[in-house]
Amino acid sequence: MKLEIQSPFDMHLHLRDGEILRDVVNYTSSQFCGAVVMPNLNPPITSVKLALEYKTRILNSSKYDFSPFVSLYLTEELDKEELQKAKDNGLFMLKLYPKGATTGSENGVKEILSDKVLEILEVAENLGFILSIHGETNGFVLDREFEFLPIFESLAKTFPKLKIIFEHLSDRRSIELVERYDNLYATLTLHHMLLSLDDVLGGMLNPHYFCKPILKTPKDKETLLNIALNAHDKFSFGSDSAPHLISKKECNNGAAGIFSAPILLPKLAEVFEKHDSLENLEKFVSLNATKIYNLNRSNRKITLIKQELKVSKIYNDIVPLFAGDSMSWSLEQ
Ligand code: DOR
Ligand code: ZN
């Protein structure tokens with residue numbers, strides 16, 4: 001059995017830089033024709049110049065035809081001129097990190113509803129940017145996303161023409177808000193729809209499944225999986241594949257992030273088939289993104305084939321999601 005998917009997109013991706021970028025980019029660009037690339041590098045991508053240089057490095061590292069949509073890291077220093085310049089250079093994504101919420105958020109925003117930030121967002125709204133947000137407070141770890149909902153709501157109301165993406169939605173209590181506001185959308189990761197906190201902490205500690213937002217309850221993952229299987233119009237696929245070297249995961253102060261890039265479409269095909277929903281996979285990984293983000297579909301088609309894929313235990317010193325497992329689908333080469 002084969003399945004052809006037109007122009008799949010990964011709408012939330014970490015590619016890092018330098019050697020790691022060169023090691024990981026083709027896992028994504030072999031499967032996806034484009035991806036929204038996160039700017040939480042060190043130093044972060046806070047200017048148009050940095051974003052365009054990063055985009056060039058990504059393009060130079062990819063063996064496949066691939067469009068990286070690099071996000072601009074939102075800081076309080078971002079001004080009207082820079083936003084205009086971003087728009088003129090084809091950048092259209094802004095990423096807001098609450099300061100301290102996750103990896104590389106040290107330069108994030110301290111007070112999201114401050115006058116300064118609201119001014120920036122008003123300019124972004126008028127210029128037609130899409131704002132993506134890591135929505136977590138610094139409260140109790142399982143409630144961080146839930147506690148952030150009033151901020152999403154306030155932004156959605158204040159800027160009705162600004163498209164706001166609720167990144168890696170992980171808590172089923174968030175869904176109703178996304179459905180309620182026309183300008184709110186969300187991305188879903190593979191790991192939040194297939195794993196729960198038990199997979200991190202239920203047996204021996206598994207640092208490779210530690211991520212932010214933290215994996216939630218079995219009921220949350222089931223609810224998210226159903227949204228994906230039904231290809232809900234307001235949700236697109238965003239893997240949040242976030243590679244960290246094994247030495248940065250298996251140590252004190254282990255980094256948050258799950259490296260899922262090598263197995264994404266094969267695993268999605270396996271799961272969608274298992275739940276009799278293969279006919280919705282293209283909508284979830286392609287059509288929804290083109291509609292929500294106004295993207296052109298590329299002419300690239302990806303063919304998946306029902307053939308066993310053995311997932312390696314490690315790729316370039318990075319342990320992947322489902323390391324060592326077998327999947328029932330592969331990418332046709
Ligand atoms: O688990 C995560 N890892 N969540 C994030 O928000 C950031 C990411 C990373 O950059 O490693
Ligand atoms: Zn991320």
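With the first letter of the sequence shown counted as 1, position 84 gets the number 84 in the UniProt record's numbering; the numbers rise by one all the way through.
Backbone N, C-alpha and C fix where the C-beta goes; we use that ideal spot for every residue, glycine too.
Small disclaimer: the values here were computed from a predicted structure and weren't measured.
For the alpha helix (DSSP H) assignment, the uninterrupted runs of no fewer than 4 residues enclosed by the stretch 172 to 219 are, from N- to C-terminal side, 175 to 180, 190 to 194. According to DSSP, residue pairing for Phe259 in a beta bridge involves Pro320.
With a minimum length of 3 residues, the unbroken runs of beta strand (DSSP E) contained wholly in the stretch 51 to 136 fall at 67 to 70, 93 to 96, 130 to 133. Of the residues assessed, Asn288 falls on the buried side of the cut-off, its CB having 16 or more other CB atoms within 10 angstroms.
Three or more beta-carbon pairs separated by less than 8 Å link the stretch 215 to 227 to the stretch 167 to 181, which places the two stretches in contact.
Beyond the five residues adjoining it in sequence on each side, Phe322 comes within less than 6 Å, by CB distance, of Ile263, Val311 in the same chain, given in chain order. Less than 7 Å separates the beta-carbon of Leu162 from that of Glu125. Counting only the Cα atoms, Gly254 lies some 18 Å from Asp198. Placement of the Cβ of Ala186 at a distance of 6 Å or more from every heavy atom of the ligand DOR is found.
Proximity of the stretch 265 to 284 to the stretch 69 to 77 falls short of the contact definition, fewer than three beta-carbon pairs being nearer than 8 Å.
Thr158 sits in a helix when the DSSP states are folded into three classes. Pairing Val25 with Met93 gives a Cβ-Cβ distance that is not under 7 Å. With a cut-off of 6 Å, the C-beta of Lys212 is classified as near the ligand DOR, since at least one heavy atom of the ligand falls inside that distance.
For Ser239, the closest C-alpha among the options Gly108, Ile258, Ile227 is that of Ile258.
Checking the 6 Å criterion, the Cβ of Asp240 is within range of a heavy atom belonging to the ligand ZN.
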